[in-house]
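In my numbering, the protein residues as written are 63 to 309.
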């Protein structure tokens with residue numbers, strides 16, 4: 063149950079964020095002060111920020127996923143943290159931790175006391191989750207209304223189309239002075255019952271940290287989990303009650 067519930071893979075949070083950039087639509091009437099052109103320019107800047115995954119970065123926050131048609135897949139107030147340096151990364155999602163570095167890949171499930179180990183995986187997150195797109199062209203190809211709401215230092219840009227086949231609403235909340243993203247909200251269409259709002263899947267991600275730096279040594283590392291002595295790999299004393307599985 064837990065493994066199915068946390069089927070989110072490394073990089074999911076970035077993909078959720080990038081989905082907002084895929085949701086460009088036809089501009090509608092902006093509300094609460096921000097002119098359409100200024101809102102569009104800001105939206106483009108946010109998308110450029112999301113697409114730029116080169117170098118070191120650390121992303122952290124809390125994710126909620128409501129799925130009325132399949133409650134087993136719901137995620138409630140799950141803390142996540144993803145930090146990467148080159149092709150090494152550390153990823154924490156709820157009660158699971160993933161380490162990819164120092165020659166090994168470790169997936170640690172604290173709830174079930176399981177550790178899965180394999181060779182370090184070759185990954186490249188510098189490419190980013192999005193391919194370059196023509197924003198203005200994409201704006202003309204969909205039928206979203208673009209709106210903006212400002213409350214204090216926070217601004218929320220929303221794209222809404224109640225008849226969209228896959229996603230009825232995207233919303234990005236950010237600090238209007240620094241453009242630091244604070245929240246992503248998505249309302250996904252139930253394809254089996256598109257007009258029923260009560261069966262829509264809702265994804266809500268609150269971002270607490272997004273820095274262009276990484277300090278992998280601050281988190282759980284390989285040496286704290288496993289030790290190799292005489293050619294045999296064993297768990298450390300801290301993980302003596304965990305089952306180690308080599309993949």
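Backbone N, C-alpha and C fix where the C-beta goes; we use that ideal spot for every residue, glycine too.
Between which residues of its own chain and residue i is the CB-CB distance below 7 angstroms, once the five residues before and five after are set aside?
i: residue 129; result: 135, 136 and 263
i: residue 278; result: 145, 147, 150, 152 and 163
i: residue 108; result: 234, 236, 241 and 243
i: residue 138; result: 126
Assuming contact is defined by CB atoms lying nearer than 8 angstroms, are residue i and residue j in contact in what I supplied?
i: residue 289; j: residue 298; result: yes
i: residue 244; j: residue 225; result: no
i: residue 247; j: residue 266; result: yes
i: residue 251; j: residue 220; result: no
i: residue 118; j: residue 276; result: yes
Could you check if residue i is buried or exposed, using at least 16 other CB atoms within 10 Å of its CB as the buried criterion?
i: residue 253; result: exposed
i: residue 295; result: exposed
i: residue 213; result: exposed
i: residue 309; result: exposed
i: residue 241; result: exposed
i: residue 300; result: exposed
i: residue 77; result: At residue 77, the pLDDT of 49 sits below 50, so the modelled position is not reliable; the number obtained from the coordinates is stated separately. It is exposed - the Cβ of residue 77 has fewer than 16 other Cβ atoms within 10 Å.
i: residue 307; result: exposed
i: residue 103; result: exposed
i: residue 231; result: buried
i: residue 131; result: exposed
What does a CB cutoff of less than 8 angstroms around residue i pick up in its chain, not counting 5 residues either side in sequence?
i: residue 166; result: 179, 180, 181, 182, 284 and 288
i: residue 292; result: none
i: residue 271; result: 120, 121, 122, 123 and 143
i: residue 317; result: Because the chain here runs from 63 to 309, residue 317 falls outside it and cannot be looked at.
In chain order, what residues of the same chain lie with their CB nearer than 6 angstroms to the CB of residue i, ignoring the 5 residues before and after it?
i: residue 140; result: 125 and 156
i: residue 218; result: 211, 233 and 235
i: residue 169; result: 160 and 178
i: residue 303; result: 175
What alpha helix (DSSP H) runs, 4 residues minimum, are completely inside the region 213-288?
284-287
For a minimum of 4 consecutive residues, which ranges assigned as the alpha helix (DSSP H) are wholly contained in the region 98-125?
98-113
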